[in-house]
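If you're matching them up, the sequences are chains A and B in order. Position 251 (the first sequence) corresponds to 251 in full-length UniProt numbering; numbering is contiguous. Position 173 (the second sequence) corresponds to 173 in full-length UniProt numbering; numbering is contiguous. Report on the structure given below.
Protein chains: 2
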Amino acid sequence: MLKTLAYNARRLATLARDPSFAKVEASDLRVFESICGSNYVKTSDIDNYKTDWTKAFKGDPPCVLLPSSTEEVSAILAHCARRRIAVVPQAGNTGLVGGSIPLHDEIVLSVKRINKHFEFDETSGILSCDAGMILELLDNRLAPYGYMMPFDLGAKGSCMIGGNVATSAGGIRLLRYGSLHAHLLGLTAVLPTEEGTIVELGSAHRKDNTSLHTPHLFLGSEGQLGVITRVTMSAVPKPASVQSAMLGVDTFESCCKVLRMAKRHLSEILSSFEFLDREASEVLDEALGLKPVLQSNPRFTILVETSGSNAAHDSEKMEKFLDDCISSGSASDGVQAQSIEEASAMWRLRESAPLAVAADGFVYKNDVSLPLKHFYRLTEEIRTRCSSLAKRIVTYGHLGDGNSHLNITAKGPSQELYDRLYPFLYEWVNAHGGSISAEHGIGQLKLPYASLGKSPMERDLVRRVKAVFDPKSILNPYKSF
Amino acid sequence: MLKTLAYNARRLATLARDPSFAKVEASDLRVFESICGSNYVKTSDIDNYKTDWTKAFKGDPPCVLLPSSTEEVSAILAHCARRRIAVVPQAGNTGLVGGSIPLHDEIVLSVKRINKHFEFDETSGILSCDAGMILELLDNRLAPYGYMMPFDLGAKGSCMIGGNVATSAGGIRLLRYGSLHAHLLGLTAVLPTEEGTIVELGSAHRKDNTSLHTPHLFLGSEGQLGVITRVTMSAVPKPASVQSAMLGVDTFESCCKVLRMAKRHLSEILSSFEFLDREASEVLDEALGLKPVLQSNPRFTILVETSGSNAAHDSEKMEKFLDDCISSGSASDGVQAQSIEEASAMWRLRESAPLAVAADGFVYKNDVSLPLKHFYRLTEEIRTRCSSLAKRIVTYGHLGDGNSHLNITAKGPSQELYDRLYPFLYEWVNAHGGSISAEHGIGQLKLPYASLGKSPMERDLVRRVKAVFDPKSILNPYKSF
Chain A
1 MLKTLAYNAR
11 RLATLARDPS
21 FAKVEASDLR
31 VFESICGSNY
41 VKTSDIDNYK
51 TDWTKAFKGD
61 PPCVLLPSST
71 EEVSAILAHC
81 ARRRIAVVPQ
91 AGNTGLVGGS
101 IPLHDEIVLS
111 VKRINKHFEF
121 DETSGILSCD
131 AGMILELLDN
141 RLAPYGYMMP
151 FDLGAKGSCM
161 IGGNVATSAG
171 GIRLLRYGSL
181 HAHLLGLTAV
191 LPTEEGTIVE
201 LGSAHRKDNT
211 SLHTPHLFLG
221 SEGQLGVITR
231 VTMSAVPKPA
241 SVQSAMLGVD
251 TFESCCKVLR
261 MAKRHLSEIL
271 SSFEFLDREA
281 SEVLDEALGL
291 KPVLQSNPRF
301 TILVETSGSN
311 AAHDSEKMEK
321 FLDDCISSGS
331 ASDGVQAQSI
341 EEASAMWRLR
351 ESAPLAVAAD
361 GFVYKNDVSL
371 PLKHFYRLTE
381 EIRTRCSSLA
391 KRIVTYGHLG
401 DGNSHLNITA
411 KGPSQELYDR
421 LYPFLYEWVN
431 AHGGSISAEH
441 GIGQLKLPYA
451 SLGKSPMERD
461 LVRRVKAVFD
471 PKSILNPYKS
481 F
Chain B
1 MLKTLAYNAR
11 RLATLARDPS
21 FAKVEASDLR
31 VFESICGSNY
41 VKTSDIDNYK
51 TDWTKAFKGD
61 PPCVLLPSST
71 EEVSAILAHC
81 ARRRIAVVPQ
91 AGNTGLVGGS
101 IPLHDEIVLS
111 VKRINKHFEF
121 DETSGILSCD
131 AGMILELLDN
141 RLAPYGYMMP
151 FDLGAKGSCM
161 IGGNVATSAG
171 GIRLLRYGSL
181 HAHLLGLTAV
191 LPTEEGTIVE
201 LGSAHRKDNT
211 SLHTPHLFLG
221 SEGQLGVITR
231 VTMSAVPKPA
241 SVQSAMLGVD
251 TFESCCKVLR
261 MAKRHLSEIL
271 SSFEFLDREA
281 SEVLDEALGL
291 KPVLQSNPRF
301 TILVETSGSN
311 AAHDSEKMEK
321 FLDDCISSGS
331 ASDGVQAQSI
341 EEASAMWRLR
351 ESAPLAVAAD
361 GFVYKNDVSL
371 PLKHFYRLTE
381 EIRTRCSSLA
391 KRIVTYGHLG
401 DGNSHLNITA
411 KGPSQELYDR
421 LYPFLYEWVN
431 AHGGSISAEH
441 GIGQLKLPYA
451 SLGKSPMERD
461 LVRRVKAVFD
471 PKSILNPYKS
481 F
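In structure tokens form, the structure reads like this:
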């Protein structure tokens, strides 16, 4: 994975530094020190801030600023706007597309020290917290109330809520709880103006029709509109019962039928509907030695999870669903997990799929949304086009969300394979009504393709909205807007 | 109700016509006729378009335009922008605050004829439809697939999806399915520019992180950014089982306790948590002859509804919830509806509350969101302040959403009572972290108070976002942005 990212990253090397941005001078550092304190203006030992965790993207910031409050962020941005110093906001730095890494010498503004405020109303279920709070910590703080965060990510131990909002993080509970749009209610942000404008947007109410719903504009804004310093959102009751099952399915059409049956039978408790093709099962076995749970070697494997409040009810619903899938012939095989161990074995297969393809060789990874009728056609199309050059073509993903992770592995990097894949793959996705980035965003990785499928009118509108928030164009420059 | 609205509406009479708007001339009408066809440029018989259904707000539009397509809307707005003719977009015209009614001689652009397109993917549950489609019709079209719209309103027989999106309609399923933010994925809108810019925003995917999530900016925009002509959103599986129960509760604190217990016991199936105080029960009996379901004359009455996929499971959960409420002493009385008739009797009480206060006399209505700790304190505060002048002070509402409908009735209109109530009530709500408009919006009714609780920075940001979409300031002028 790392190598592919680096491969794409190289394509951006041609994007020259904008000479109209000021270079940070000693006098700027003194101003920053007077704002944050000298311990929190770092000029050395900043590798973790200038490199993303995939190591594919690396910037050259002259300093990293670690303010501890909204007011400090405001003073920093006011100074940067007046001096026209470019700034990249950063939270947990766990993104996969280089969005929180400078391209050149933009300074890094980390919100990790803005992490004190936590307020939760256990009757309304509404949470207000600082942007630098780590997702897992928030989950832990909510647990004693019987609540949890409405989304979950692999990076939960280090990603921060401010970054989750800025990237509209999806994750593995989206099918049940919806996207962050379903939960975000308000936020505090600092705009990169000469005044370092602090805006409080939205409120702490589930219903508030008194103004434009501007907080939602920050979801997916990738740090290009303002620096989020506080978030208000709804949390959800923690499920008392989580159950898993695996099904073997012979055709992709039947996978869609099983999804429709899951929605009918499991309705309010359906929380995951994950997908692995036979190639994914094979690479799990061959590269990692992980044997399949289903013995029938099915063409497709579906992993279904429910999250509910009553184990007996949930289990009964799941049994009925499985019975119906088998008796109607929609699925050829099905197993309900009878213990946490059995459920873990199922999830291990799904969660290890990225590791398995990485172990298989050099891998070209993708994260796309597609209408379900085209979901697996993309894989077949790429197989026809690339199998002579590829080692393996493997698809897994969040079928319930229409989100495919198509992986092409090869013995090593190949310009020929790369050119066979791109931009063909993105253009095919676009031509079939899909999205070239489902959950990871644009960042630096997909910047060359950010306009695909967008009209000039949409691009223009987005640029002008960006200019309202960032009139001096200093916030996360060179990126998609 | 009608009289109160008219009362507030009079306060706006001082807002003079902006002389920089062009007056519609015969040549403009000819242009509109060439775009829509002469049958669809109406200059007479337009009462239903220039008056809202409460009859409180009445504009004086020289014509009503009824385009049948996005392209016709584009041609109309391009002409209006070039000539600087002011335009009020209108869908079902069922709003309660005069938002879709001209203040002076703005023309009315109705989307009701843009109502042909309907496309539904029963595997993904994603719907795409024209803005002029009526909510109830959409529900009917989804029913054969086992799906329904994720929100429901009293006006469902005449309100249209384009208007629902523009006003961020809340309604009675919000607790279960979330606000429209949870469901909106994309839309087509026409901007009031000299080009009549058509923008396709968002997509038809549950996950799409390729641009700013601009569709969400239209939720609650009240027709001030652009004219929505098509909407893409998710629908939800129709519940197989809907159950109701009523509880009597002695203190407001216990109401909150019962809400917390409902979230724990009913979790994923909890769909309504409605509230009536004793004064509401009394006025239902005295004004409409509707006897209470609970015989114990409790201080507060809670109506709980579940929507789930399995009647036996849902009923068992409800029984356990009621048992726990009674045995813990949180509720003093509780009845589970055993039939549709019994459930209807419960809902009749809640749904007739607005009619009961209207029958009781002249009524000052309110629609506010409040943190739950202050929810009933507002009523008590108003009681202390106004009971000498009021006939009755009655509160009902969506307690599960923090949305209070506080009603003050009097024998007739009273300037003294009005001045005792306003702006005190709005200022109190604002000072206690509430919102002066939970679900109805600002429109004309609350325009004098639209800035309450908003910072100058927020107001300025909203105005500048408005200018990006509507550079000539012709769309729904005189309103909140």
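The C-beta atom is built at its ideal place from N, Cα and C for all residues, glycine as well. Note that this is a predicted model, so its numbers are computed, not measured.
Query	Result
is_contact[Glu122/A, chain B] using C-beta, thresh 8 Å	yes
The segment 197-212 of chain B touching the segment 396-416 of chain A, judged by at least three CB pairs closer than 8 Å	yes
Candidates Ser234/A, Leu212/A, Val108/A, Pro61/A: closest to Asp139/A by CA position	Ser234/A
Contacts that Cys256/B makes with chain C (C-beta to C-beta distance below 7 Å)	Of the protein chains in this structure, namely A and B, none is chain C.
Cβ distance (whole Å) where Glu458/B is taken to contact Glu200/A below 8 Å	7 Å
Other residues of its chain near Ile161/B: CB distance less than 7 Å, five sequence neighbours each side excluded	Cys129, Ala131, Met133, Leu135, Leu138, Val231
For Tyr396/A: DSSP bridge partner residues	Leu276/A, His405/A
Val462/A in three-state terms, based on DSSP	helix
Contact residues within the segment 293-315 of chain B, judged by C-beta distance below 7 Å to chain A	Gly308, Ser309, Asn310, His313
DSSP bridge partner residues for Ala189/B (one or two, in chain order)	Val199/B, Ile228/B
Near-chain B residues of the segment 261-285 of chain A - C-beta to any C-beta below 8 Å	Lys263, Arg264, His265, Leu266, Ser267, Glu268, Ile269
8 Å Cβ cutoff, Leu461/B in contact with chain A	yes
Option nearest Gln243/B by Cα separation, candidates Phe321/B, Leu180/B, Trp428/B, Thr167/B	Phe321/B
Beta-carbon proximity check, Cys159/A vs Thr94/A, cutoff 8 Å	yes
Beta carbon of Pro237/B nearer than 8 Å to that of Lys263/A	yes
Under 8 Å between C-beta atoms of Ser352/B and Leu276/B	no
The beta strand (DSSP E) enclosing Leu425/B, as first and last residue numbers	That residue, Leu425/B, is in no beta strand (DSSP E); its alpha helix (DSSP H) goes 424-431.
Closer than 8 Å to chain B by CB, Gly220/A	yes
Minimum C-alpha distance to Val227/B - residue among Ser435/B, Gln444/B, Gln90/B, Leu29/B	Gln90/B
Enclosing beta strand (DSSP E) for Glu305/A [first to last residue]	300-308
Stretch pair the segment 334-343 of chain A + the segment 266-275 of chain A: three plus CB contacts closer than 8 Å	no
Min CB distance Phe481/B to chain A below 8 Å	yes
Own chain, CB closer than 7 Å to Lys116/A, minus 5 neighbours either side, in chain order	Asp130
Option in Gly248/B, Gly220/B, Phe32/B with minimal Cα separation from Ile442/B	Gly220/B
Chain-ordered neighbours of Asn403/B on chain A, where CB pairs are closer than 7 Å	Lys207
Whole-Å CB distance - Gly99/B paired with Gly223/B, under 8 Å assumed	7 Å
Residues bridged to Ala410/B [DSSP beta-bridge criterion]	Phe362/B
Contacts that Arg464/B makes with chain A (C-beta to C-beta distance below 7 Å)	Val468
Straight-line gap, Ala450/B to Glu427/B (C-alpha atoms, nearest Å)	12 Å
Cβ neighbours of Ser20/B in the same chain (closer than 8 Å, five flanking residues each side left out)	Arg84
Within chain A, the residues that His374/B reaches when beta carbons sit closer than 8 Å	By Cβ distance, chain A contributes nothing, its closest Cβ being about 11 Å from His374/B, past 8 Å.
Test: Met457/B CB closer than 8 Å to a CB of chain A	yes
Strand pairing of Met148/B, partner residues [DSSP]	Val236/B
Chain-ordered neighbours of His432/B on chain A, where CB pairs are closer than 9 Å	Per Cβ cutoff of 9 Å: no residues; His432/B is ~11 Å from chain A at best.
Pick from Gly37/A, Ala155/A, Leu66/A, Ala22/A that is closest to Trp53/A, judged by C-alpha positions	Ala155/A
Bridge partner(s) assigned by DSSP for Gly171/A	None; Gly171/A has no bridge partner.
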